[in-house]
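Residue numbers (this note's numbering): 1 to 265.
The structure under discussion appears below in the form of structure tokens.
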């Protein structure tokens with residue numbers, strides 16, 4: 001197919017993604033079939049008369065595919081599109097930056113945080129330029145990673161209400177769930193009981209999210225008991241301590257065993 005046909009499909013895809021049209025996935029699939037015939041793309045990266053235009057179309061199509069995947073809540077499709085897109089970023093340096101590039105780069109960092117792939121997070125970050133990292137959509141993920149690593153969950157809670165783009169909510173929801181589970185684990189081992197309102201605040205639920213907080217407790221912490229506006233945590237089963245080990249009995253058995261070995265020899 002010609003460049004003009006690919007350009008027409010790209011324009012159609014952009015409109016469908018913006019309007020969240022159900023036909024966007026079909027258009028994207030059709031466009032990807034055309035991209036297969038573009039020799040200017042990785043892994044071949046061969047010079048062609050239309051190299052720059054082919055690479056531009058490929059980048060913008062795959063970026064739209066990433067945005068579409070996030071809109072559909074499909075992390076697997078998002079990763080698949082980035083796996084095709086990022087080699088083009090690194091191999092086709094003459095491709096002009098599109099309006100969606102930094103957004104996709106920021107979303108990819110968010111994806112790596114959700115997947116707890118911190119080594120990949122830092123490896124990818126090293127490939128970004130200083131100008132890219134300074135962009136709010138990318139820097140948001142960078143600052144978020146730092147807050148998570150040092151346990152600044154209060155700052156994390158603030159960040160969750162000031163997203164650089166609505167699409168970030170998809171990954172932020174997953175991160176928030178993970179952080180809440182970590183905080184809940186810490187509460188269980190640190191307190192015997194806690195005021196209901198304090199627990200709600202520490203688990204980063206807003207004052208008007210009482211029903212969501214109660215749902216979290218019911219679904220994720222069935223062993224917590226709510227009594228008179230207070231949460232009572234179940235006692236943690238203590239692990240074996242050094243004094244619990246029957247040391248004298250073990251010493252006696254070892255000496256007996258050594259004596260028997262000596263007698264036999």
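Glycine included, every Cβ here is placed at the ideal spot set by N, Cα and C.
Please classify residue 27 as buried or exposed, where buried requires at least 16 other C-beta atoms within 10 Å of its C-beta. buried
Which residues in the same chain as residue 62 place their Cβ atom closer than 6 Å to its Cβ, once the five residues preceding and following it in sequence are excluded? 81, 84, 85
Bridge partners for residue 16 per DSSP, in chain order? Bridge partners of residue 16: none, in fact.
Mind checking residue 218: buried by the 16 CB within 10 Å criterion, or exposed? exposed
In the DSSP output, which residue or residues are listed as bridge partners for residue 226? 231
Residues near residue 70 in its chain [Cβ-Cβ closer than 7 Å; skip 5 each side]: So the qualifying residues of the chain are 78, 107, 167, 170.
Identify whether residue 3 lies in helix, strand or coil by the three-state DSSP scheme. helix
Presumed contact (8 Å Cβ cut-off) between residue 160 and residue 147, rounded CB distance: Actually they do not touch by this definition, with Cβ atoms about 10 Å apart.
What would DSSP say about residue 195, mapped onto helix, strand or coil? In the structure shown, the three-state DSSP call for residue 195 is strand.
Tell me, to the nearest whole angstrom, how far the beta carbon of residue 132 is from that of residue 102; I am working on the premise that it is less than 8 Å. 6 Å
Can you tell me whether residue 36 is helix, strand or coil according to DSSP? coil
Which of helix, strand or coil does DSSP assign to residue 82? Residue 82: helix per DSSP, three-state reduction.
With residue 147 as the anchor, note down where its alpha helix (DSSP H) starts and where it stops. 136 to 150
Whole angstroms are fine: how far does the CA of residue 232 sit from the CA of residue 225? Distance between residue 225 and residue 232, taken at the CA atoms: about 5 Å.
Would you kindly report the start and end of the unbroken alpha helix (DSSP H) that includes residue 182? 169 to 190
Inter-residue spacing [alpha-carbon to alpha-carbon] between residue 211 and residue 205: Their Cα atoms are separated by approximately 10 Å.
Taking C-alpha atoms, which residue in 130, 138, 45 lies nearest to residue 298? Look at the range of the chain in this structure, 1 to 265, and you will see that residue 298 is not part of it.
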